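Numbering-wise (the working numbering), the sequence shown opens with residue 79 and increments by one.
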Amino acid sequence: MHCESCVSKVQQALKSIEGVNDVSVSLSDQTAQVAGGGEVETMLEAVSKIGYKASVINKVEAPNLNTNEELPVSDLQKLFPLFLIFLYISISSIGMNLPILEKKEVMLDFMGLFYIVFSFFKFLDYKNFPRSFAMYDPIAMRVPFYGWAYPFIETMLGILIIFRIELFITIIITIVMLGVTSIGVTKVLLQKSSIQCACLGTALKLPMTKATFIENSIMIIMAITLLLSQSI
């Protein structure tokens, strides 16, 4: 396994086996711990079908591995980088417009900074981003090139918004692009699938949660508000 997408595939393959109650897959240790009464041969076959090799670790000793594991981290703790970035973007967008705060200008600067900052994190692990993004984005699933181009599109949209260039077009693109992504995020949340959110790239390993949906919704609401205000 090379990335969180691999972990998700192995986890889903093992969870689909009858009798399996819980699956914990570790990318760093290259191991999978399975709780339940599934057949070992069935598990090995399921992993093999998705293109990975697996072997059995001593069944008696496997549970003892828990003594060396780190304490579980809540989704809220994992999402701390996302909340922190939103705080910094919010403060920056307000600061850029002091002393006169106009709602339209603050929203535009927030959206521009959002795109630039989030694209930066996607470029940190650019080679793995398209694969993770395709796990939930409907367009990236069908058009792989879209995943590779997405960070560049975000950067370009951010620059255009910051410099107030072709705002009407960039706002329309924002609504469509993030709207489509939100559909994929909603589907993952309804299926309760355990996959990585690629909103900040793959370097930070954020879980896919309702916060991801809220993040996209904030941008879409701002874009629609600006569009309806007819001031762009």
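Ideal Cβ positions, reconstructed from N, Cα and C, are used throughout, including at glycine. Since the model is a prediction, treat every value here as computed from it, not as a measurement.
Residue nearest to residue 249 in terms of C-alpha spacing, selected from 193, 197, 111 = Of the residues 193, 197, 111, the one whose Cα lies closest to the Cα of residue 249 is 193.
Report buried or exposed for residue 117, applying the criterion of at least 16 other Cβ atoms within 10 angstroms of its Cβ.
-> With fewer than 16 other Cβ atoms from the protein chains shown falling within 10 Å of its own Cβ, residue 117 counts as exposed.
So residue 227 is in the alpha helix (DSSP H); what residue range does that whole segment cover?
-> Residue 227 -> alpha helix (DSSP H) spans 222-240.
Could you work out which residue in 99, 86, 97 is closest to residue 109 when comparing CA atoms only?
-> The shortest C-alpha separation from residue 109 is found at 86.
Three-state secondary structure assigned by DSSP to residue 100 | Strand, per DSSP.
Assuming residue 168 contacts residue 188 (C-beta within less than 8 angstroms), just tell me the rounded distance between them.
-> The distance from the Cβ of residue 168 to that of residue 188 is about 7 angstroms, consistent with a contact at the 8 angstroms cut-off.
With DSSP as the reference, please indicate the residues paired to residue 109 in a beta bridge.
-> Answer is 104.
Environment of residue 83 [buried if 16+ CB atoms lie within 10 Å] = In summary, residue 83 is buried, with 16 or more beta-carbon neighbours lying within 10 Å of its beta-carbon over all protein chains present.
DSSP on residue 157, reduced to helix/strand/coil?
-> In the displayed model, residue 157 falls within coil according to three-state DSSP, outside both helix and strand.
C-beta atoms of residue 197 and residue 230 nearer than 9 angstroms = Yes, the Cβ-Cβ distance between residue 197 and residue 230 is below 9 angstroms.
Proximity to residue 262 [Cα-Cα], best of 212, 98, 225, 293 = It is 212 whose Cα lies nearest to the Cα of residue 262.
Please work out which residues of its chain come closer than 7 angstroms, Cβ to Cβ, to residue 257, disregarding the five sequence neighbours upstream and downstream, and give them in chain order.
-> Spatial neighbours of residue 257 in its own chain (CB-CB distance under 7 angstroms, excluding positions within 5 residues in sequence) are listed in chain order as 298.
Can you tell me the Cα-Cα spacing of residue 175 and residue 91, whole angstroms?
-> As the crow flies, the alpha-carbon of residue 175 is around 51 angstroms from that of residue 91.
Can you check the segment 244-310 for any alpha helix (DSSP H) of at least 4 residues that lies completely inside it and give the ranges in chain order?
-> As far as the segment 244-310 is concerned, its whole alpha helix (DSSP H) runs of at least 4 residues are 245-269, 288-307.
Can residue 198 be considered in contact with the ligand HEM, in the sense that its beta carbon sits closer than 8 angstroms to one or more heavy atoms?
-> The ligand content of the structure shown is nil, which means the ligand HEM is not present either.
Among 99, 161, 251, 95, the one whose alpha carbon lies nearest that of residue 289 = Looking from the CA of residue 289, the closest CA among 99, 161, 251, 95 belongs to 161.
Taking residue 300 as the reference, give the member of 191, 253, 214, 270 with the closest Cα.
-> Nearest of 191, 253, 214, 270 to residue 300, Cα basis: 253.
Using the Cα positions of residue 293 and residue 88, report the straight-line distance between them to the nearest angstrom.
-> Near 28 angstroms, if we compare the C-alpha coordinates of residue 88 and residue 293.
Determine the burial state of residue 100: buried for a count of at least 16 other Cβ atoms within 10 Å of its Cβ, exposed for fewer.
-> With fewer than 16 Cβ atoms within 10 Å of its Cβ, residue 100 is classed as exposed.
Chain-order list of residues whose beta-carbon lies under 7 angstroms from that of residue 190 (same chain, five-residue window excluded) | The residues are 236, 239, 240.
Could you tell me the distance, in whole angstroms, from the CA atom of residue 234 to the CA atom of residue 127?
-> Here the alpha carbons of residue 127 and residue 234 stand approximately 40 angstroms from one another.
In the structure shown, what three-state DSSP assignment does residue 114 receive?
-> Residue state, collapsed to three classes: strand.
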